[in-house]
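K.L.:
Residue numbers (the working numbering): 192 to 302.
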């Protein structure tokens, strides 16, 4: 899965027991527009710098938490600005970075 600045997994208020197995979906914090452009995504898939380290809300941000839809490579084959290209010099690829839920499995066992 690609690094993002607003995808996470969380477990809250769930009763767990020895032997519990919990599959957890990735959640989208809604703090960025899901446009899959590197100027919006920090981390190793995208070059550092520019706007991808920002923290202020922008128009287009969802503004609410929801199940993350994954990464679909919506810019593949398009001509986009250099600042929006991945570290490889190309738009980010779904083949390399996509995921589907669940993103994590938590297994509880007594040690």
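Just so you know, even glycine gets a beta-carbon here, dropped at the ideal spot from N, CA and C.
#1: Rank 270, 271, 284 and 277 by C-alpha distance to the C-alpha of residue 262 and give the top, closest one.
#2: Kindly list the residues whose CB is nearer than 6 Å to the CB of residue 216, restricted to its own chain and excluding five residues on each side of it in sequence; keep chain order.
#3: Which of the three DSSP states is assigned to residue 260 in this structure?
#4: Do you know how far the Cα of residue 256 is from the Cα of residue 228?
#5: Counting only the same chain and skipping the five closest in sequence on each side, list residues whose C-beta sits under 6 Å from that of residue 265.
#6: With DSSP as the reference, identify every bridge partner of residue 215, one or two as the case may be.
#7: Would you call residue 203 buried or exposed, if buried means 16 or more other Cβ atoms sit within 10 Å of its Cβ?
#8: Which same chain residues, not among the five before or five after residue 289, have their C-beta less than 6 Å away from its C-beta?
#9: Using CA coordinates, which residue listed in 270, 234, 269 and 225 is at the minimum distance from residue 251?
#10: For residue 238 and residue 194, which I take to be in contact (beta-carbon distance under 8 Å), what is that distance rounded to the nearest angstrom?
#11: Going straight from the alpha carbon of residue 220 to that of residue 296, what length do you get?
P.N.:
Reading off the structure:
#1: The residue with the shortest Cα to Cα distance from residue 262 is 284.
#2: 258, 292 and 293
#3: coil
#4: 20 Å
#5: Hits under 6 Å: 227.
#6: In the DSSP secondary-structure assignment, residue 215 is bridged to 295.
#7: By the 10 Å Cβ count, residue 203 comes out exposed.
#8: 261 and 262
#9: 225
#10: Going by Cβ atoms, the distance from residue 238 to residue 194 rounds to 13 Å, so no, they are not a contact pair.
#11: 20 Å
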